[in-house]
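A.B. asks: Quick note on numbering: the sequence shown equals residues 6 to 600 in this note's numbering. Let me give you the structure first, and then I'll get to my questions.
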Amino acid sequence: MASFTLHGIPVSKGIAIGRAHLLAPAALDVKHYLIPEEQVEAEVLRLKNAIAAVHQELQIIRDDLPKEAPPELGAFIDVHALILSDPMLAEVPLNIIRHRYYNAEWALVTQIDGLSAQFDEIEDPYLRERKADIQQVGDRVLKVLTGSAISLPPVAGEGAAASIIVVAHDISPADMLQFRDGAFAGFVTDLGGQNSHTAIVARSLDIPAAVGMNNASVLVKQEDVLIIDGDAGVAIVNPSPLVLAQYRARQERMLRDRKKLGRLKKTPAITQDGTEITLLANIELPSDSAPALEAGANGVGLFRSEFLFMGRAGHLEKFPSEDEQFDSYCQTVVSMKGRPVTIRTLDVGADKPLDEDEQTALNPALGLRAIRYCLSEPQMFLTQLRAILRASAFGPIKLLIPMMAHAFEIDQTLALIEQAKGQLRQRKQKFDEDIEIGAMIEIPAAALALPMFIKRLDFLSIGTNDLIQYTLAIDRVDHEVAHLYDPLHPAVLFLLSSVISMARKAGIPVAVCGEMAGDVKWTRLLLGMGLLEFSMHPSQLLSVKQEILNSDLTLLEPQVKKVLKASEPSAIEAAMAQLRAINSEPEIKAAARRR
Ligand code: PEP
Ligand code: MG
Numbered sequence: 006m007a008s009f010t011l012h013g014i015p016v017s018k019g020i021a022i023g024r025a026h027l028l029a030p031a032a033l034d035v036k037h038y039l040i041p042e043e044q045v046e047a048e049v050l051r052l053k054n055a056i057a058a059v060h061q062e063l064q065i066i067r068d069d070l071p072k073e074a075p076p077e078l079g080a081f082i083d084v085h086a087l088i089l090s091d092p093m094l095a096e097v098p099l100n101i102i103r104h105r106y107y108n109a110e111w112a113l114v115t116q117i118d119g120l121s122a123q124f125d126e127i128e129d130p131y132l133r134e135r136k137a138d139i140q141q142v143g144d145r146v147l148k149v150l151t152g153s154a155i156s157l158p159p160v161a162g163e164g165a166a167a168s169i170i171v172v173a174h175d176i177s178p179a180d181m182l183q184f185r186d187g188a189f190a191g192f193v194t195d196l197g198g199q200n201s202h203t204a205i206v207a208r209s210l211d212i213p214a215a216v217g218m219n220n221a222s223v224l225v226k227q228e229d230v231l232i233i234d235g236d237a238g239v240a241i242v243n244p245s246p247l248v249l250a251q252y253r254a255r256q257e258r259m260l261r262d263r264k265k266l267g268r269l270k271k272t273p274a275i276t277q278d279g280t281e282i283t284l285l286a287n288i289e290l291p292s293d294s295a296p297a298l299e300a301g302a303n304g305v306g307l308f309r310s311e312f313l314f315m316g317r318a319g320h321l322e323k324f325p326s327e328d329e330q331f332d333s334y335c336q337t338v339v340s341m342k343g344r345p346v347t348i349r350t351l352d353v354g355a356d357k358p359l360d361e362d363e364q365t366a367l368n369p370a371l372g373l374r375a376i377r378y379c380l381s382e383p384q385m386f387l388t389q390l391r392a393i394l395r396a397s398a399f400g401p402i403k404l405l406i407p408m409m410a411h412a413f414e415i416d417q418t419l420a421l422i423e424q425a426k427g428q429l430r431q432r433k434q435k436f437d438e439d440i441e442i443g444a445m446i447e448i449p450a451a452a453l454a455l456p457m458f459i460k461r462l463d464f465l466s467i468g469t470n471d472l473i474q475y476t477l478a479i480d481r482v483d484h485e486v487a488h489l490y491d492p493l494h495p496a497v498l499f500l501l502s503s504v505i506s507m508a509r510k511a512g513i514p515v516a517v518c519g520e521m522a523g524d525v526k527w528t529r530l531l532l533g534m535g536l537l538e539f540s541m542h543p544s545q546l547l548s549v550k551q552e553i554l555n556s557d558l559t560l561l562e563p564q565v566k567k568v569l570k571a572s573e574p575s576a577i578e579a580a581m582a583q584l585r586a587i588n589s590e591p592e593i594k595a596a597a598r599r600r
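Written out as structure tokens, the structure reads:
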């Protein structure tokens, strides 16, 4: 059998080896025929029943979501239910049956094709990708109409289940969950991008995956042997015995490494020269505190509170109430069992709009985002501040404010916190009088005017995602400029190292909570700059810890100085390669010190 390789977009790391199981999109099998006039209402009813059945199906999937399912998944299923209720899908195809006499499947496909074409015109890449959601919902209805349910082949024993690789034109997040129970090893799809919901779910479920393969579902045949390299975004079809053996060895090595990492859960993160590093978790919902504890986090370094405010389309109130928020914050701090929880106040706008907000700004990332939005909605902000303060009576909480650039923004925020405290005193409600207040350093202006922040605040947390976006002027959600996103740009390195060293000199704690903190590629760089606190997704915590355990600051610091001195990209890369190559074995260490 001929071997060939398909290239796509890597969305979830790891290696999967198995046999292909193809999921044909229902739309490909659709029959087209005209119905006689007297059967029109019966055909309309057939489609209505299919739509109702899918509503029920989605509800069951929603209700049966396992506790450990990623929080986004419920929201994605809700989006599919909303799409299904939209007149564009729920009514227009019925009219096509009534006026054009198309059979139900044909009417539905006609409408989906029309909608998809409209989505192709949209410039915003994130919204353009939402076309996939409409097609997935349509596919689900078609499958009910044609009686072809989505299913995996019967599985003989655990080992066999783990060796199925799903190949599809596209997969909906809800279907992914169904497959997860069948424990498939990985998946590849023709459609999708970094931002597709399916990709996000794959990452949080930790399943090797590559998307955007264009025509994998046509080129790969049922039962073909497949290797997915989720790091490279590559699928190797019918590999030679030699390639297969190489990948099996790599896969085993990765599994062994993962197991070994598991043993580090209780090991303190101390470098070889004895410096203790604090490893914190980034969470989005109170239920995320379980994986944070499981990974051995020292606390929560970033609770992105905006997720409590999003997806409220069906609610009477635009914002969650004080009590609703208090419950969430309290639940989090109690479940972290005495470890500190840093709650970031609402950061909406740009790529995280509230449901009701229409994005009218030309440059939403530069618009009324985060603290700017909060200061423009003082009652909403005071409600959140009171909820956070009240929860601080139940465990150690720190307040983190996003996107500040101006001294008056800090001063107004501090005044509002005082006002919220006063309101609670009047109500005789308890809170931590000395709650620590910190700022995200994620706008270059803040990094360059740090004394203004140091003077007013208790701690700092560097948001590298936005700091890089704003320093390099690249929209972080626009894939057309994604290649310009460069943590090693000399300007980024300068800002990072100067914030860390100035904060340390001033004796004010500083953390990094952007994606850089969770990527082992940058651990040594940040350590060598003097960073002592890292906050990241819980799944990244143990590999970062391992890198810390293998690092010696006395060796890293001089090398990081060389990285910072270099100004040409090639020189920076070379200095970084040397930094990564530093071996911290005791003898080598001693030899290096003698030199
Ligand atoms: C950041 O900007 O690095 C950050 C942690 O915040 P967010 O990704 O939520 O904008
Ligand atoms: Mg940010």
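Cβ atoms here follow ideal geometry from the backbone N, Cα and C, with glycine treated the same way.
1) Counting only runs that start and end within the region 409 to 481, where is the alpha helix (DSSP H) found for 4 or more residues in a row?
2) Looking only at its own chain, which residues have a Cβ that is under 6 Å from the Cβ of I6, when we skip the five neighbours before and after it?
3) V216 to G235, Cα distance in whole Å?
4) At a cut-off of 8 Å, is M521 close to ligand 2 when judged by its beta-carbon and the heavy atoms of the ligand?
5) In this structure, how does DSSP classify H85 when only helix, strand and coil are distinguished?
6) To the nearest angstrom, how far is the alpha carbon of A25 from that of R135?
7) Measuring alpha carbon to alpha carbon, tell me which residue in P41, D138 and I22 is nearest Y106.
8) For the structure I just gave you, are there three or more beta carbon pairs, one from the region 551 to 568 and one from the region 273 to 292, closer than 8 Å?
9) Taking only the alpha-carbon atoms, compute the straight-line gap between L419 and E438 and give it to the nearest angstrom.
10) Among all residues, which have a Cβ less than 5 Å from at least one non-hydrogen atom of ligand 2, and in what chain order do they fall?
11) Where H457 and A221 are concerned, what is the direct C-alpha to C-alpha distance, given to the nearest angstrom?
12) Hey, could you find the ends of the alpha helix (DSSP H) S5 is sitting in?
13) With hydrogens ignored, establish whether the beta-carbon of D229 is closer than 8 Å to any heavy atom of ligand 1.
14) By a C-beta neighbour count over all protein chains shown, 10 Å radius and 16 as the cutoff for buried, is A410 buried or exposed?
15) Let me check you understand the geometry: is the CB of P409 closer than 8 Å to at least one non-hydrogen atom of ligand 1?
16) Would you check whether ligand 1 has a heavy atom nearer than 8 Å to the C-beta of N54?
17) Sort V149, A137, G191 and L147 by Cα distance to D175 and report the nearest one.
18) If contacts are defined as beta-carbon pairs under 8 Å, then R391 and E327 qualify, I think. What distance do you get, rounded to the angstrom?
19) Assess, as a yes-or-no matter, whether the region 397 to 417 is touched by the region 483 to 502 under the definition of 3 or more beta carbon pairs within less than 8 Å.
20) Mind listing, in chain order, the continuous alpha helix (DSSP H) runs of no fewer than 4 residues lying wholly within the region 91 to 160?
21) Could you pull out every residue in the same chain whose Cβ sits closer than 7 Å to the Cβ of Q140, ignoring the five residues on either side in sequence?
22) Bridge partners of A21, per DSSP?
23) Just confirm the distance between the C-beta atoms of P449 and Y475, as a whole number of angstroms; I'd bet it's less than 8 Å.
24) Per DSSP, what kind of secondary structure is V225 in: helix, strand or coil?
25) With respect to the beta strand (DSSP E) encompassing I348, which residues constitute its N-terminal and C-terminal limits?
26) From F308 to I479, what does the alpha carbon distance come to, in whole angstroms?
27) Can you tell me where the alpha helix (DSSP H) with K342 in it begins and where it stops?
28) In or out: Q545 buried (at least 16 other Cβ within 10 Å) or exposed?
29) Just mark N219 as buried or exposed, buried being the case when its beta carbon has 16 or more other beta carbons within 10 Å.
30) Going straight from the alpha carbon of S503 to that of R374, what length do you get?
31) Ignore the nearest five residues each way along the sequence and tell me which others in A95's own chain have a CB closer than 7 Å to its CB.
32) With a threshold of 16 other CB atoms inside 10 Å of the CB of V171, please say whether the residue is buried or exposed.
33) Alpha carbon to alpha carbon, how far is G533 from T350?
34) With a threshold of 8 Å (Cβ to nearest heavy atom), would C379 be considered close to ligand 1?
35) Which residues mark the beginning and the end of the alpha helix (DSSP H) in which V375 is found?
36) Taking 6 Å as the limit between beta carbons, can you name the residues of its chain near A586, skipping five residues before and five after?
C.D. replies: The structure says:
1) 412 to 431, 449 to 453, 455 to 461 and 469 to 477
2) Mapped onto the sequence shown, residue 6 falls at position 1. Reading off the sequence shown, one finds Met at residue 6, where the question assumed Ile. Excluding residues within five positions, the ones whose Cβ falls inside 6 Å are N243.
3) Here residue 216 refers to the residue found at position 211 when the sequence shown is read from its first residue. Here residue 235 refers to the residue found at position 230 when the sequence shown is read from its first residue. So the alpha carbons of these two residues sit roughly 10 Å apart.
4) In the sequence shown, counting from the first residue as 1, residue 521 sits at position 516. No, ligand 2 has no heavy atom inside 8 Å of this Cβ.
5) Position 80 of the sequence shown, counted from the start, is the residue given in the question as residue 85. H85 falls in the helix class under three-state DSSP.
6) Locating residue 25 in the sequence shown gives position 20, where the first residue counts as 1. Locating residue 135 in the sequence shown gives position 130, where the first residue counts as 1. It is roughly 26 Å from the alpha-carbon of A25 to the alpha-carbon of R135.
7) Stepping through the sequence shown from its first residue, residue 106 is reached at position 101. Among P41, D138 and I22, the Cα nearest to that of Y106 belongs to P41.
8) yes
9) Working through the sequence shown from its first residue, we reach residue 419 at position 414. Working through the sequence shown from its first residue, we reach residue 438 at position 433. The alpha-carbon atoms of L419 and E438 are separated by roughly 13 Å.
10) Every residue passing the under-5 Å Cβ criterion appears here: E447, G468 and D471.
11) Position 452 of the sequence shown, counting from 1, holds the residue named residue 457. Position 216 of the sequence shown, counting from 1, holds the residue named residue 221. Looking at the sequence itself, residue 457 is Met, so the reference to His does not match. Rounded to whole angstroms, M457 to A221 spans 54 Å at the Cα level.
12) Within the shown structure, residues of the chain are numbered from 6 to 600, placing residue 5 beyond reach of any answer.
13) Residue numbering aside, residue 229 sits at position 224 when the sequence shown is read from its first letter. Checking the Cβ of D229 against ligand 1 gives no.
14) Position 405 of the sequence shown, counted from the first residue, corresponds to residue 410. With 16 or more other Cβ atoms within 10 Å, it is buried.
15) As a first step, residue 409 must be located in the sequence shown, where it is residue number 404. Position check: residue 409 holds Met in this sequence, whereas Pro was assumed. For ligand 1, not one heavy atom lies less than 8 Å from the Cβ of M409.
16) Residue 54 sits at position 49 when you count from the first residue of the sequence shown. Checking the Cβ of N54 against ligand 1 gives no.
17) Position 170 of the sequence shown, counted from the start, is the residue given in the question as residue 175. With distances taken between Cα atoms, D175 lies closest to A137.
18) Position 386 of the sequence shown holds residue 391. Position 322 of the sequence shown holds residue 327. Contact check for R391 and E327: beta-carbon distance about 6 Å, within the 8 Å limit, so the pair qualifies.
19) no
20) 92 to 95, 97 to 105, 109 to 125, 130 to 134 and 136 to 151
21) Taking the first residue of the sequence shown as position 1, residue 140 is located at position 135. Counting only Cβ-Cβ distances below 7 Å, and skipping sequence neighbours, we find I117, S121 and D175.
22) Taking the sequence shown and counting its residues from 1, one reaches residue 21 at position 16. Per DSSP, I233.
23) If you number the sequence shown from 1, residue 449 lands on position 444. If you number the sequence shown from 1, residue 475 lands on position 470. Confirmed, Cβ separation roughly 6 Å.
24) Here residue 225 refers to the residue found at position 220 of the sequence shown. V225: coil per DSSP, three-state reduction.
25) Sequence index remark: in the sequence shown, residue 348 carries index 343 (1-based). Element bounds for I348: V346 to R349.
26) To locate residue 308, count along the sequence shown from 1; it is residue 303. To locate residue 479, count along the sequence shown from 1; it is residue 474. Their backbone Cα atoms lie some 25 Å apart in a straight line.
27) Position 337 of the sequence shown holds residue 342. No alpha helix (DSSP H) contains K342, which DSSP labels as neither H nor E.
28) As a first step, residue 545 must be located in the sequence shown, where it is residue number 540. The residue is buried, with at least 16 neighbouring Cβ atoms inside 10 Å.
29) By one-based count along the sequence shown, residue 219 stands at place 214. Classification of N219: exposed, given that the 10 Å Cβ count is below 16.
30) The count along the sequence shown starts at 1 and reaches residue 503 at position 498. The count along the sequence shown starts at 1 and reaches residue 374 at position 369. Our two residues, S503 and R374, have alpha carbons roughly 25 Å apart in a direct line.
31) Here the question's residue 95 lines up with position 90 in the sequence shown. Answer for A95: I56 and L89, listed in chain order.
32) Taking the first residue of the sequence shown as 1, we reach residue 171 at position 166. Result: buried.
33) Within the sequence shown, the letter at position 528 stands for residue 533. Within the sequence shown, the letter at position 345 stands for residue 350. Between G533 and T350, the C-alpha separation is close to 30 Å.
34) As a working note, residue 379 is residue 374 in the sequence shown. Outside the cutoff, so no.
35) For the purposes of this step, residue 375 is identified with residue 370 of the sequence shown, where counting begins at 1. Before going on, a small fix: residue 375 reads as Ala here, not Val. DSSP places A375 in the uninterrupted alpha helix (DSSP H) bounded by A375 to S381.
36) Looking up residue 586 in the sequence shown gives position 581. The answer is none, since no qualifying residue turns up.
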